[in-house]
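Student: Below are the structure tokens for one structure; questions will follow.
Residue numbers (our numbering): 45 to 767.
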């Protein structure tokens, strides 16, 4: 069955609202439970502390009363007379009435040595118990006596005879009050709270069922306890909060008072059920209101879906009606803006694709054109050597045309970004002053050019400034020496601290907003009208500066103007003074040169020029042919002149294989249009050098001699012979 997509959206909205109400209800329930449980815990802890404090005071009062009773019994003349007989049987029989008179649960008499003389108890099991402790273990005025499951609170008093210096001890009397859970729970202090008496980790007696004692003793062995602090105890699956007080004596015991946490929180179950019912009612109400609300939201969205499907078919011009100011209306307006942006982006992508294709085509043309230009210039040089005077002007004009063609190829390579950079130390002031006339022609008569300590101008920055100037305006080009410190480098990625020269190009044109500033160095980004800009100018500036280990920034304000700042590394070497160089007088050479070039005409030209200078030339069309030629040659090979990119085997791979068989030769790599990765693989070092196409025979011989001189300073590497 077909299901409309907005039915799913309405379902999602309903489920979302139900989920929100459910989560809110659950959060309220959890919060109430947490708060109520915390409140119950605090109430129980407060009750435990109060009961413990009150019982301590009750116990102190009972002790004082028991000690007073023991002192009264000890001072009875009849007891002193009885103790003077020192006869245990007489004392045992005659002292039984004292137990009834004292109102105690146990009465014990001992002689001065601590031996038992008589014992009377209301519980006969104590008298006959084999576990009965001797009284000499108790040396103080008060202690606790646990015998045969009965716990007694004992108070001691000495029995003496005589007075003054004639006073002597007849023994001691001990009166004991039996302590039971029932007697403790019956007091107003403890109420009906479960109690436990414990000594040294052993339960002596408790109001709890004995089957619970094992769990309590297990808890005692694992917990650290402080008097009057509240602890959580699990006994037979029921949670209790417990606190204890220490009852003093020679052998003190601890009295634990417990409160059932589970029983105190029973009412929370009823509260939870009430909250769940209220939550269910809230969910139902939210579902009904959500259904109505979702319908109001999805109806205009249906129109947007229809519009998007039309746009998918390529129709960017259909009308979209926007009504109201709510979020859906804003969404519709945003959709309209997105549609316009997509249309413009598609057009921009098409333009970028065309420019990319043109760039690749330009790079390929420049590569092939380099070879043709080199042939024209090379044969022009050869003709000039033997040309008649009347023919020399014509040949020189052909050579000048070749030079202009070389400049064209360099521009094409710069456009396609395949140009190989050769960093040089230059006098930029002289270079820029020589370009002032061309810059003025480029900018036009309406632009005033102000210069101060000119060092460098980048043509694309000047063109960019010209396009930003509204009719008449000012273009300021200035330079400074500066130092970028560690703090500046820390806030600018890929900037190394140190000395730099600063080139600043400033115009008072229209300026740029922040959105434009974030994109100006991106390839193909332009603010010009379609068809009036490629967007490659500033991208090329950025690439060249970065390749030169420099740094470029831009500052702009709308309606005020723009300043580009280019930082280039400063060097201590003296600049090469620009001057016209006379033609190099080539001297004869006697070395063997292996020339590897896939372009037949170019190879023939280079070979002819080298042979005229006395070089012995071996020729090959690619790396494989060159390896064969090297194997067949019996003598030394002093210089290898090879193109980098060739069919079957390129120059770098050929040189690497040849080094495994031979040593002692230098390498001149020729390159016109070459990828950076290929140049890196060429491994240009002390015994190799790069020669850019097109070049003249003079330049070729000069490079050959440069690389030989550089290699002469390095130790000769022994070849690695392949097995």
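Ideal Cβ placement from N, Cα and C applies to all residues, glycine included.
Please read these numbers as outputs of a predicted model, since none were measured by experiment.
For residue 437, does the three-state DSSP call read helix, strand or coil?
Tutor: Of the three classes helix, strand and coil, the one that applies to residue 437 here is helix, per DSSP.
Student: In this structure, does DSSP put residue 421 in helix, strand or coil?
Tutor: Three-state result, residue 421: helix.
Student: On the criterion of 16 or more Cβ atoms from any shown chain inside 10 Å, does residue 541 qualify as buried, or is it exposed?
Tutor: Exposed, since its Cβ has fewer than 16 Cβ neighbours within 10 Å.
Student: Verify whether the separation of the beta carbon atoms of residue 607 and residue 550 is less than 9 Å.
Tutor: Cβ atoms of residue 607 and residue 550: closer than 9 Å.
Student: Could you check whether the Cβ of residue 217 sits closer than 9 Å to any Cβ belonging to chain B?
Tutor: The chain inventory of the structure shown lacks chain B, comprising one protein chain alone.
Student: Residues in its own chain within less than 6 Å of residue 155 by CB, not counting five upstream and five downstream?
Tutor: Result list for residue 155: 161, 215, in chain order.
Student: Please state the DSSP three-state secondary structure of residue 318.
Tutor: Residue 318: helix per DSSP, three-state reduction.
Student: Express the C-alpha separation of residue 697 and residue 668 in angstroms, rounding to a whole number.
Tutor: Roughly 10 Å separates the two Cα atoms.
Student: Specify, as a first and last residue, the run of the alpha helix (DSSP H) that residue 752 falls within.
Tutor: Segment 741–756, the alpha helix (DSSP H) holding residue 752.
Student: Using a threshold of 9 Å, state whether the C-beta atoms of residue 117 and residue 138 are closer than that.
Tutor: Going by C-beta atoms, residue 117 is not nearer than 9 Å to residue 138.
Student: Grab me the residues of residue 601's own chain with a C-beta within less than 6 Å of its C-beta, minus the 5 sequence neighbours each way, in chain order.
Tutor: Closer than 6 Å at the Cβ level, and outside the excluded window around residue 601, lie 555.
Student: With a Cβ-Cβ cutoff of 9 Å, do residue 300 and residue 88 count as a contact?
Tutor: No, the pair does not count as a contact, with Cβ atoms beyond the cut-off.
Student: Looking only at its chain, what residues have a beta carbon closer than 6 Å to the beta carbon of residue 747, apart from the 5 residues adjacent to it on each side?
Tutor: The residues are 712, 733, 735.
Student: Going by other Cβ atoms of all chains shown within 10 Å of its Cβ, with 16 needed for buried, is residue 311 buried or exposed?
Tutor: That one is exposed.
Student: So what's residue 682 in DSSP terms, helix, strand or just coil?
Tutor: Looking at residue 682 - three-state DSSP - the assignment turns out to be coil, as it is neither helix nor strand.
Student: Of the choices 142, 135, 369, whose alpha-carbon is the least far from that of residue 120?
Tutor: Among 142, 135, 369, the Cα nearest to that of residue 120 is on 142.
Student: What are the residues that DSSP puts in a beta bridge with residue 542?
Tutor: In the DSSP output, where bridge partners are listed per residue, residue 542 has 528.
Student: Taking DSSP as the reference, what is the three-state secondary structure of residue 96?
Tutor: The answer is helix: DSSP assigns residue 96 an H, G or I state.
Student: Starting from residue 283, trace the beta strand (DSSP E) both ways and give me its first and last residue.
Tutor: Per DSSP, residue 283 belongs to the beta strand (DSSP E) from 282–291.
Student: To the nearest angstrom, how far is it from the Cα of residue 599 to the Cα of residue 376?
Tutor: Between residue 599 and residue 376, the C-alpha separation is close to 36 Å.
Student: Is the separation between the beta-carbon of residue 298 and that of residue 221 shorter than 9 Å?
Tutor: Not a contact, by the Cβ cut-off of 9 Å.
Student: What are the boundary residues of the beta strand (DSSP E) that residue 297 is part of?
Tutor: Unbroken beta strand (DSSP E) run through residue 297: 297–304.
Student: If residue 544 and residue 612 are in contact, beta carbons under 8 Å, what's the gap, nearest whole angstrom?
Tutor: Residue 544 to residue 612, Cβ: 6 Å. Contact.
Student: Over the uninterrupted beta strand (DSSP E) stretch that includes residue 644, give me the two end residues.
Tutor: From DSSP, residue 644 is part of no beta strand (DSSP E) but of the alpha helix (DSSP H) over 644–656.
Student: Are the segment 350–360 and the segment 104–115 touching by the rule of at least three beta carbon pairs closer than 8 Å?
Tutor: No, the segment 350–360 is not in contact with the segment 104–115.
Student: Indicate whether residue 595 and residue 604 have their beta-carbon atoms separated by less than 9 Å.
Tutor: Contact flag unset, no.
Student: Would you check if the distance between the CB atom of residue 714 and the CB atom of residue 641 is smaller than 9 Å?
Tutor: Yes, the Cβ-Cβ distance between residue 714 and residue 641 is below 9 Å.
Student: DSSP state of residue 309, grouped into three classes?
Tutor: Reduced to three states, the DSSP call for residue 309 is coil.
Student: Give me, in chain order, the residues of the same chain whose beta-carbon lies closer than 8 Å to that of residue 644; leave out the 5 immediate sequence neighbours on both sides.
Tutor: Here the set comprises 665.
Student: Could you work out which residue in 324, 195, 381, 372 is closest to residue 355 when comparing CA atoms only?
Tutor: Of the listed residues, the one whose Cα sits closest to residue 355 is 381.
Student: Can you check whether the CB of residue 309 is closer than 9 Å to the CB of residue 84?
Tutor: Contact: yes.
Student: Residue 293 to residue 188, Cα distance in whole Å?
Tutor: Answer to the nearest angstrom: the Cα atoms are 7 Å apart.
Student: Could you compute how far the alpha carbon of residue 82 sits from the alpha carbon of residue 314?
Tutor: For residue 82 and residue 314, the distance between alpha carbons rounds to 17 Å.
Student: Could you name the residues that DSSP lists as bridge partners for residue 636?
Tutor: Note: residue 636 sits in a beta bridge opposite 660.
Student: Could you pull the DSSP bridge partners for residue 608 from this structure?
Tutor: Answer by DSSP bridge pairing, in chain order: 549, 598.
Student: For residue 62, which of helix, strand or coil comes out of DSSP?
Tutor: In this structure, residue 62 counts as helix in the three-state DSSP scheme.
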